[in-house]
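Visitor: The sequence shown begins at 12 in this note's numbering and counts up one residue at a time.
In this text, a Cβ means the ideal position worked out from N, Cα and C, and glycines have one as well.
Bear in mind the structure is a predicted one, so any value in this text is a computation, not a measurement.
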Amino acid sequence: MIDEELLEEDSELENGDGSEELFEKKRFVVTQGQEPLRIDKYLMTKIQGATRNKVQRGIENGMVLVNNNTVKANYKVKPGDDIVTFTDTAPEDTNLKAEELPLNIVYEDDSVMLVNKVPGMVMHPGCGNYSGTLVNGALWHFQQQQPNLTEDELPRFGMVHRIDKNTSGLVIMAKTEQASVHLAKQFFNHTVERKYVALVWGDIKEDSGTITGHVGRHQRFRKIMDVYPDGEYGKEAITHYTVLERFGYTTLVECRLETGRTHQIRVHMQHIGHPLFNDDTYGGDRIVKGTVYTKYKQFVDNCFTICPRHALHAQTLGFTHPKTQERMLFESELAKDIQQVIEKWRVYTKAKNLTGDE
12 MIDEELLEED SELENGDGSE ELFEKKRFVV TQGQEPLRID KYLMTKIQGA
62 TRNKVQRGIE NGMVLVNNNT VKANYKVKPG DDIVTFTDTA PEDTNLKAEE
112 LPLNIVYEDD SVMLVNKVPG MVMHPGCGNY SGTLVNGALW HFQQQQPNLT
162 EDELPRFGMV HRIDKNTSGL VIMAKTEQAS VHLAKQFFNH TVERKYVALV
212 WGDIKEDSGT ITGHVGRHQR FRKIMDVYPD GEYGKEAITH YTVLERFGYT
262 TLVECRLETG RTHQIRVHMQ HIGHPLFNDD TYGGDRIVKG TVYTKYKQFV
312 DNCFTICPRH ALHAQTLGFT HPKTQERMLF ESELAKDIQQ VIEKWRVYTK
362 AKNLTGDE
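Shown next as structure tokens:
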């Protein structure tokens, strides 16, 4: 089930990256006076761009719940029915090509595969990036496991969530449609544990805190996001942060996502005055805090050269296995470029005896 309007909006974002979660939850309550109507026909009138085949496939795969229960396509809706759909918003590309690419696979079984994505790799084809993406590499990997698979038969339901092109770290992919649906529901129920490590500008005074505020597309600059008062515009977004280490002019933080909106951590941290280090979209690619001395500028420029992207790493991913129901937790080591920049800030902080923001 594809919502074409959402796909068109997401396609405007950098390199095809969009919301971390690739399934949109929609809810419909059948109004009084509604005559009995097959649920597949009912949903076709409610979801823009939906076709009967896509709706029926979604129903068969358990992506439609009526009063919290799965139903068959011939179920007839009645007034008061509470209908929830999980709508796939990932770009559907019938021309996906399998490519042999180096993938750091940290875990794999018959249902799921976890990859430690390198910075600079786009998640899926689109917006000028039609090759060299994580999906291209994953499809080649799946094809080696099942040599008789044709490119047309390769699964397109593998991506359950995504991270930005220049964010490194853990991504989970589903290898079966059943696993895809199961994981999608975990994301919606906020039972997937996601922790990121970020280097941000400034000295965050509190040791921990929570950032709230709806995240939506910027009203003037459509390719970036902004934070809006709750309920006014955008979608609810909640980020919990904990300070890990202070470097006076920058702070190392752990961010735990409760929701997964487009650029959520990046735009939330900018919103509280602490943009990510070297984030060229949200104002972190310049000196935000520090001194006016030339040597300090040279130091920061050297750090930007070492880490030529926003300093964000998806470090922790925890979920319930869709087949065994076992709770699984994975952690990945910080990417080398972020590690090196952190060490440079440690040395600088010690040399300058920085204990906080000056």
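Three-state secondary structure (DSSP) at K306?
Guide: Helix, per DSSP.
Visitor: Around the Cβ of D237, are there at least 16 other Cβ atoms within 10 angstroms (buried) or fewer (exposed)?
Guide: Under this definition D237 is a buried residue.
Visitor: Express the C-alpha separation of K176 and K234 in angstroms, rounding to a whole number.
Guide: Taking the straight line joining both Cα atoms gives about 14 Å.
Visitor: To the nearest angstrom, how far is it from the Cα of A362 to the Cα of G131?
Guide: Cα-Cα distance, rounded: 32 Å.
Visitor: In terms of residues, what are the limits of the alpha helix (DSSP H) holding Y260?
Guide: Note, Y260: premise wrong, no alpha helix (DSSP H); not H, not E.
Visitor: Can the beta-carbon of H135 be found less than 7 Å from the beta-carbon of I215?
Guide: The answer is no: Cβ separation not under 7 Å.
Visitor: Pick helix, strand or coil for K52, following the three-state DSSP scheme.
Guide: Helix, per DSSP.
Visitor: Which same chain residues end up closer than 6 Å to Q45 when comparing Cβ atoms and leaving out the 5 residues on each side of it in sequence?
Guide: Result list for Q45: P90, in chain order.
Visitor: Verify whether the separation of the beta carbon atoms of V211 and T262 is less than 7 Å.
Guide: Yes, Cβ-Cβ distance for V211 and T262 is below 7 Å.
Visitor: What do you reckon, are the CB atoms on T360 and F258 nearer than 7 Å?
Guide: It is a contact, given that the beta carbons lie within the stated cut-off.
Visitor: Can you give me the C-alpha to C-alpha distance between V226 and G271, rounded to a whole angstrom?
Guide: Rounded to the nearest angstrom, the two C-alpha atoms are 10 Å apart.
Visitor: What does A185 pair with, by DSSP beta-bridge criteria?
Guide: Paired residues: V123.
Visitor: Nearest-angstrom Cα distance between P319 and Q351?
Guide: Answer to the nearest angstrom: the Cα atoms are 12 Å apart.
Visitor: In this structure, does DSSP put Y359 in helix, strand or coil?
Guide: Y359: helix per DSSP, three-state reduction.
Visitor: Under 7 Å, do Q67 and D51 count as touching if we go by C-beta distance?
Guide: Their beta carbons are under 7 Å apart, which means Q67 touches D51 by this criterion.
Visitor: Could you say which of L194, N64, Q156 lies nearest to R338 if we only look at CA atoms?
Guide: Ranking L194, N64, Q156 by Cα distance to R338 puts L194 first.
Visitor: Put M280 into one of helix, strand or coil per three-state DSSP.
Guide: In this structure, M280 counts as helix in the three-state DSSP scheme.
Visitor: Would you kindly work out how many angstroms separate the C-alpha atoms of G169 and L48, rounded to a whole number?
Guide: Near 33 Å, if we compare the C-alpha coordinates of L48 and G169.
Visitor: Given a cut-off of 7 Å on the beta-carbon distance, is the pair K334 and S122 in contact?
Guide: It is a contact, given that the beta carbons lie within the stated cut-off.
Visitor: Compare the Cα-Cα distances from E110 to each of V146, T292, T250 and report the closest residue.
Guide: Measuring from the Cα of E110, the nearest candidate turns out to be V146.
Visitor: Taking DSSP as the reference, what is the three-state secondary structure of G137?
Guide: Three-state DSSP puts G137 in a strand.
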